[in-house]
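Numbering (the working numbering), first residue to last: 1 to 124.
The C-beta atom is built at its ideal place from N, Cα and C for all residues, glycine as well.
Written below as structure tokens is the structure these notes are about.
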């Protein structure tokens, strides 16, 4: 006989725990994306090529995927107004930024700006 004590669980407890484990994962379902409106922020004025392209993409995504999208224009200050707007929002995928070439030179022209496109944003 060994000196280690044996611990036995009743069969009913083991079966109940096993059945509970089978049904719990089905009751917790993830939300489908998107559950909110997606904002596409354009750092240029209305009617410019980035705005037109963003609106075409938003219309196509709405038609194909059924998503709700809003295109917002935030022009000015070498596109840093739009960058600040998007970077101050949570990184949850509901705020997108349409970038163009001038956004890459903004850190060089505005060294006091806290926004760095290569660090603060991820490409989609």
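- By the CB criterion at 7 Å, residue 89 and residue 43 fall outside the cutoff.
- By a beta-carbon distance limit of 8 Å, residue 96 contacts residue 40. Their separation comes to about 5 Å.
- Between the alpha carbons of residue 110 and residue 85 lies a gap of roughly 17 Å.
- When DSSP states are grouped into helix, strand and coil, residue 71 belongs to the strand group.
- Within the same chain, 68 and 70 come within 6 Å of residue 37 by CB-CB distance, once the 5 residues on both sides are set aside.
- Distance from residue 79 to residue 107 at the Cβ level is roughly 11 Å; contact not present, criterion being Cβ atoms closer than 8 Å.
- Here residue 35 is exposed, its C-beta having fewer than 16 other C-beta atoms within 10 Å.
- In the assembly as shown, residue 115 is a buried residue. Its beta-carbon has 16 or more other beta-carbons within 10 Å.
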